[in-house]
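> Reminder that position 103 of the sequence shown reads as 103 in full-length UniProt numbering, one-by-one numbering, no gaps.
The beta carbon of each residue, even a glycine, is placed where N, CA and C say it ideally should be.
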Amino acid sequence: IEAKPVKRLCRTHSTITVNGQFPGPTLEVRDGDTLVITAINRARYNATLHWHGVRQLRNPWADGPEYVTQCPIQPGRSYTYRFTIQDQEGTLWWHAHSRWLRATVYGALIIYPKMGRPYPFLMPKKEIPILLGNPMSSIF
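(1) Between the Cα of Y106 and those of G24, T15 and G20, spot the shortest distance and give me the residue it belongs to.
(2) Name the residue from R11, H13, F22 and K7 whose alpha carbon lies nearest to the alpha carbon of I1.
(3) N41 to L35, Cα distance in whole Å?
(4) Quick one: measure Cβ to Cβ for I54 and I85, integer angstroms, because I've assumed they're closer than 8 Å.
(5) Report the residue ranges of all beta strand (DSSP E) runs contained in full by the UniProt domain "Plastocyanin-like" (3-114); include only those spanning at least 3 residues, in chain order.
(6) For the region 113-127 and the region 71-79, state whether three or more C-beta atom pairs, one from each stretch, are separated by less than 8 Å.
(7) Taking the C-alpha atoms as reference points, what is the distance between C10 and R99?
(8) Which value, in whole angstroms, describes the spacing of the CA atoms of H97 and E89?
(9) Near A62, what residues of its chain come up, given a Cβ to Cβ distance below 6 Å and the 5 sequence neighbours on each side ignored?
(10) Hey, H52 and P65 are a contact pair by Cβ (cut 8 Å); roughly how many whole angstroms apart?
(11) Hey, D31 and I110 are a contact pair by Cβ (cut 8 Å); roughly how many whole angstroms apart?
Spelled out as structure tokens, the structure:
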């Protein structure tokens, strides 16, 4: 999590990004996978990540709301999220759960069925995740 120059609408601004990307990376996993994600906070603000819609069974400390399930990740520090996707499929998203960072720190979380398990519909020929965001107009 760090500030990087991002160009949108013909203007470049310093924006908080994840892995230098805005929006952040799309995570593609399968039902039953265990995710291990280390968030390194190189921004000047506290940060946490929330895995929106993911059932946090027996590990609520990976849920991400600052001062509720975890202390925020302070600038210069890191935190490793560990959780298992259990009985879930679909397209969800992850996002910062800290003040203004939620406007730019987010990305898709695609959960595919377990290997060998059929889709509940015809398998698509191509998939394109669409993320809708509303960054503050004063940024861009």
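The answer reads as follows:
(1) Sequence index remark: in the sequence shown, residue 106 carries index 106 (1-based). The residue with the shortest Cα to Cα distance from Y106 is G24.
(2) On the sequence shown, position 1 is the one that residue 1 refers to. Cα-wise, what sits closest to I1 is F22.
(3) Along the sequence shown, one-based indexing puts residue 41 at 41. Along the sequence shown, one-based indexing puts residue 35 at 35. Cα to Cα, N41 sits roughly 19 Å from L35.
(4) Here the question's residue 54 lines up with position 54 in the sequence shown. Here the question's residue 85 lines up with position 85 in the sequence shown. As written in the sequence, residue 54 is Val, which differs from the Ile given in the question. That belief holds up - the Cβ atoms of V54 and I85 are roughly 7 Å apart, short of 8 Å.
(5) 11-17, 27-30, 34-40, 49-52, 78-84, 90-96 and 106-112
(6) Fewer than three Cβ pairs drawn from the region 113-127 and the region 71-79 lie within less than 8 Å of each other, which leaves the two stretches out of contact.
(7) Here residue 10 refers to the residue found at position 10 of the sequence shown. Here residue 99 refers to the residue found at position 99 of the sequence shown. Using only the alpha carbons, I get a separation of about 26 Å.
(8) The residue you call residue 97 lines up with position 97 of the sequence shown. The residue you call residue 89 lines up with position 89 of the sequence shown. Those two C-alpha atoms are separated by around 23 Å.
(9) In the sequence shown, the residue the question calls residue 62 occupies position 62. The answer, listed in chain order, is Q56, Y81 and F83.
(10) Here the question's residue 52 lines up with position 52 in the sequence shown. Here the question's residue 65 lines up with position 65 in the sequence shown. At roughly 11 Å, the Cβ-Cβ gap does not stay under 8 Å, so H52 and P65 are not in contact.
(11) On the sequence shown, residue 31 is found 31 positions in, with the first residue counted as 1. On the sequence shown, residue 110 is found 110 positions in, with the first residue counted as 1. About 11 Å separates the two Cβ atoms, so there is no contact after all.
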